[in-house]
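First to last, the protein sequences are chains A and B. This note's numbering applies: residue 8 is where the first sequence begins, and numbers increase by one. This note's numbering applies: residue 2 is where the second sequence begins, and numbers increase by one.
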Amino acid sequence: MLAQQIVNGITIGSIYALIALGLTMVYGVLKILHIAHAGVYAMGAYLGLWAYCMVPNLFVAMIVAMTLSGVAGTLIERLLYKSMLDKSRIVPLIASIGLFIAMEEAFRLIAGPYVRAFPAHFRQKPWIFGPVRISAPQMLVFGVTLALLALLWWVLTRTRMGKALRAVSMDREMAEALGVATDRIISLSFFISSALAGAAGVLVGIFYNSVYPTMGDIPAYKALAIIVLGGLGSIPGTIFGAFLVGISETFLIGFVNIPLPRDALAFIVMIAVLMFRPYGLFGKE
Amino acid sequence: MSAYAMTVSITIGIYVILAISLNIITGYAGQISLGHAAFFGIGAYASGMLATRLGAPFFACLPFAVVVTGAVGAILGIPCLRVKEDFLAITTMGINFVVQAIFLYIPFFGGALGIANIPAPSIHGAEMTKSAYLAMVLLFVLFAILVDGWLTRSWAGLALASIREDETAAEMSGVNITRFKVVAFVLGSAMAGLAGSLYAHFMSFISAADFGFTESIVILSMVVFGGIGTLRGPIIGAIILGLAPELFRPVLDYRTFVYGTMLVLLMRFQPQGLLGLDSFIVRNAKRIFTRRAA
Numbered sequence: 008m009l010a011q012q013i014v015n016g017i018t019i020g021s022i023y024a025l026i027a028l029g030l031t032m033v034y035g036v037l038k039i040l041h042i043a044h045a046g047v048y049a050m051g052a053y054l055g056l057w058a059y060c061m062v063p064n065l066f067v068a069m070i071v072a073m074t075l076s077g078v079a080g081t082l083i084e085r086l087l088y089k090s091m092l093d094k095s096r097i098v099p100l101i102a103s104i105g106l107f108i109a110m111e112e113a114f115r116l117i118a119g120p121y122v123r124a125f126p127a128h129f130r131q132k133p134w135i136f137g138p139v140r141i142s143a144p145q146m147l148v149f150g151v152t153l154a155l156l157a158l159l160w161w162v163l164t165r166t167r168m169g170k171a172l173r174a175v176s177m178d179r180e181m182a183e184a185l186g187v188a189t190d191r192i193i194s195l196s197f198f199i200s201s202a203l204a205g206a207a208g209v210l211v212g213i214f215y216n217s218v219y220p221t222m223g224d225i226p227a228y229k230a231l232a233i234i235v236l237g238g239l240g241s242i243p244g245t246i247f248g249a250f251l252v253g254i255s256e257t258f259l260i261g262f263v264n265i266p267l268p269r270d271a272l273a274f275i276v277m278i279a280v281l282m283f284r285p286y287g288l289f290g291k292e
Numbered sequence: 002m003s004a005y006a007m008t009v010s011i012t013i014g015i016y017v018i019l020a021i022s023l024n025i026i027t028g029y030a031g032q033i034s035l036g037h038a039a040f041f042g043i044g045a046y047a048s049g050m051l052a053t054r055l056g057a058p059f060f061a062c063l064p065f066a067v068v069v070t071g072a073v074g075a076i077l078g079i080p081c082l083r084v085k086e087d088f089l090a091i092t093t094m095g096i097n098f099v100v101q102a103i104f105l106y107i108p109f110f111g112g113a114l115g116i117a118n119i120p121a122p123s124i125h126g127a128e129m130t131k132s133a134y135l136a137m138v139l140l141f142v143l144f145a146i147l148v149d150g151w152l153t154r155s156w157a158g159l160a161l162a163s164i165r166e167d168e169t170a171a172e173m174s175g176v177n178i179t180r181f182k183v184v185a186f187v188l189g190s191a192m193a194g195l196a197g198s199l200y201a202h203f204m205s206f207i208s209a210a211d212f213g214f215t216e217s218i219v220i221l222s223m224v225v226f227g228g229i230g231t232l233r234g235p236i237i238g239a240i241i242l243g244l245a246p247e248l249f250r251p252v253l254d255y256r257t258f259v260y261g262t263m264l265v266l267l268m269r270f271q272p273q274g275l276l277g278l279d280s281f282i283v284r285n286a287k288r289i290f291t292r293r294a295a
């Protein structure tokens, strides 16, 4: 029972990690709270569903969703955020919220207000490891998350591009002075983070077998709580925060009967942590 | 004036008070709050519960709501002092979710059923008419404007502006940052509580759903839309965005889409808001007036 709860918590945590990682990367390079990231995530789910209906192959659907979400993210950066960097912080924040509202409405107007099922077929029998049962969609979530995290880690630590990205995230002006093409790196970071969000959208669509216009609502807020919890802009902090929230949610719902809804929990944890570490768990002053 | 026009005007009046109150926290003191609806809700619940549970008259409920919300603003302002900028924005958003969850899940606050049958205010036993209520709301709008005017002309207003512009420099010059931030939080929250009380007795039914994060965003958009950091901005923003749902009624299905797009376009091309400092309209108006004077 305990082990099963941990596995379920890790499943939820990996989905949160994929969404929150992109958010934290964007914050790292631009210092913007990119609320519309959750819109990109929902868009990824719709794109994945659309691609899967055309070509019933999950791998193809995933690639299509990730690429197009990545392009959308880059466009958002180029057309919207780029001109707002020297403005007060509230300007990109409101623009981002407005964009998120408009995106959700666009999904509703285009695809209709219904919940759509994701017609992916899996083997019905779960894998059983001792006391733990892992269903096929759960396995998919683990596999894809692990592969994407490993890929991200490789890009960030082992390539020139990743090095430049980390440099921009530490100090944009200094990186630019040293000859890093910051514009390209910023667009790249938006592409990567939006592609991750798109992948998360497809995974959630499959895992809960539902895709709907407002599916980005709860992730939008929760991913913000997670990246703040981890220390804005910190990648290890974000991964830790995602699994902490994922596991504590399943635990508290599974064992303790708290009178508050599960979605408020992430914020209670976050506020409690911020009181002792005002820059998050892994954040620096 | 038709009943419909009066209902719309009362709602807009309440939004004007909310926008002015948020502008004190976010516009003058520069502390981004994404959870202002929480205080609106606390005021509405305090007023509504005192009226329905203890049968208190409206003119006792309203000050009670203002005091309770101001006090909660002070208490919640303390954790907000620990965190800065984006951390603060997300903390206030978290407070909004937690407050809403408390209203929704704790039976003492009526749970999912909310608070119903909140009586309309009465004078000498006669229930206040809608037009009287509108007049009262407008009086409170005037009161909020006066408080705002007093604040911007006072030493506290200067201190808040200095915190907004450069917190470290303000501290170096001897401004007591903690004190003035709390002043801004308490004043802004108490005023939101006033709006909450007016809302509760007007609607006669309130539930947690009315005071969520979306509502906070609506209030913040009004402030930013009109021009943050000015007095005219939040008033105009609240009037325009408060009217927008009525004006867009013919295109009902596209209403929210248009709203979102409008925010994006305004921030992209006119980030100071419609009537903010150095906005397109204000700049040209100034040019016309100075030319005439010369």
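For each residue, glycine too, the CB sits at the ideal point set by N, CA and C. Please read all numbers here as calculations on a predicted model, not as lab measurements.
Give the residues of chain B in contact with residue 112 of chain A, contact being defined as C-beta atoms less than 8 Å apart. 255, 257, 258 and 261
Between which two residues does the beta strand (DSSP E) holding residue 229 of chain B run? Element bounds for residue 229 of chain B: n/a, residue is neither H nor E.
By alpha-carbon positions, which one of A/73, A/96, A/52 and A/67 ends up nearest to residue 197 of chain A? Residue 197 of chain A has its Cα closest to that of A/73, out of A/73, A/96, A/52 and A/67.
Around the C-beta of residue 287 of chain B, are 16 or more other C-beta atoms found within 10 angstroms, so that it is buried, or is it exposed? exposed
Would you mind stating whether residue 239 of chain B and residue 16 of chain B have Cβ atoms separated by less than 8 Å? Taking a C-beta distance under 8 Å as the contact criterion, residue 239 of chain B and residue 16 of chain B qualify as a contact pair.
Residue 193 of chain A and residue 14 of chain A closer than 8 Å at C-beta: no
Compare the C-beta of residue 92 of chain B with all C-beta atoms of chain A and state if any pair is closer than 8 Å. yes
Would residue 219 of chain A count as contacting chain B if we go by Cβ distances under 8 Å? no
Starting from the N-terminal side, write out each stretch of the alpha helix (DSSP H) that is 4 residues or longer and does not extend beyond the region 75-126 of chain A. 97-118
I want to know whether the region 259-279 of chain B touches the region 43-53 of chain B - three or more CB-CB distances under 8 Å. no
List the whole-angstrom C-beta distance separating residue 220 of chain A from residue 114 of chain A, where the pair is believed to meet the contact cut-off of C-beta under 8 Å. 4 Å
Determine the direct distance from the alpha carbon of residue 180 of chain B to that of residue 38 of chain B, and round the result to whole angstroms. 23 Å
What does DSSP give as the partner residue(s) for residue 141 of chain A in the beta ladder? A/134
In chain order, which continuous runs of the alpha helix (DSSP H) of length 4 or greater are located wholly inside the region 93-174 of chain B? Runs of the alpha helix (DSSP H) inside the region 93-174 of chain B: 131-154, 156-166 and 168-173.
Going by alpha carbons, who is nearest to residue 1 of chain B out of B/225, B/66, B/177 and B/219? Limits of chain B in this structure are 2 at one end and 295 at the other, which puts residue 1 of chain B out of reach.
Indicate whether the contact test is met: 3 or more Cβ pairs, each with one atom in the region 56-75 of chain A and one in the region 83-92 of chain A, closer than 8 Å. no
Is residue 184 of chain B close to chain A? Criterion is C-beta to C-beta, closer than 8 Å. no
At the 8 Å Cβ level, is residue 59 of chain A part of the contact set with chain B, yes or no? With 8 Å as the cut-off, residue 59 of chain A does not count as an interface residue toward chain B.
So, is residue 60 of chain A buried or exposed, given that buried needs 16 or more other C-beta atoms within 10 angstroms? Exposed is the call here.
Using a Cβ distance threshold of 8 Å, determine whether the region 66-85 of chain B contacts the region 208-223 of chain B, with at least three qualifying pairs required. no
Interface residues of chain A facing residue 95 of chain B [CB-CB closer than 7 Å]: 232, 274, 277 and 278
Within this structure, are the beta carbons of residue 205 of chain A and residue 33 of chain A separated by less than 8 Å? no
Proximal residues, the region 218-236 of chain B versus chain A, C-beta separation under 8 Å: 218, 221, 222, 225 and 229
Give me the Cβ distance between residue 208 of chain A and residue 51 of chain A, rounded to the nearest whole Å; I'm assuming they're in contact under 8 Å. Their Cβ separation, rounded to whole angstroms, is 3 Å, which keeps residue 208 of chain A and residue 51 of chain A in contact under 8 Å.
In chain A, which residues lie less than 9 Å from residue 264 of chain B when you measure between Cβ atoms? 101, 102, 104, 105, 106, 108 and 109
For the ligand MN, is there a heavy atom less than 7 Å away from the beta-carbon of residue 277 of chain A? The ligand content of the structure shown is nil, which means the ligand MN is not present either.
Could you tell me which chain A residues have their CB closer than 7 Å to the CB of residue 104 of chain B, listed as they occur along the chain? None at all; the shortest Cβ gap to chain A is about 11 Å.
Where do the ends of the alpha helix (DSSP H) carrying residue 258 of chain B lie? 256-270
Kindly indicate which three-state DSSP category residue 207 of chain B falls into: helix, strand or coil? strand
Report buried or exposed for residue 24 of chain B, applying the criterion of at least 16 other Cβ atoms within 10 angstroms of its Cβ. buried
Going by the DSSP bridge assignment, what does residue 9 of chain B pair with across the sheet? Looking at the DSSP assignment, residue 9 of chain B forms no beta bridge with any residue, so it has no partner.
How long is the line joining the alpha carbons of residue 20 of chain A and residue 84 of chain B, rounded to whole angstroms? 26 Å
Quick one: what does DSSP say residue 162 of chain A is sitting in, helix, strand or coil? Here residue 162 of chain A sits in helix by DSSP.
With a threshold of 7 Å on Cβ separation, who are the neighbours of residue 237 of chain B within its own chain once the five nearest residues in sequence on each side are excluded? 227, 275 and 276
Beta-carbon proximity of residue 42 of chain B to residue 189 of chain B, cut-off 8 Å: It is not a contact, given that the beta carbons lie outside the stated cut-off.
Residue 87 of chain B CB to nearest chain A CB: under 8 Å? yes
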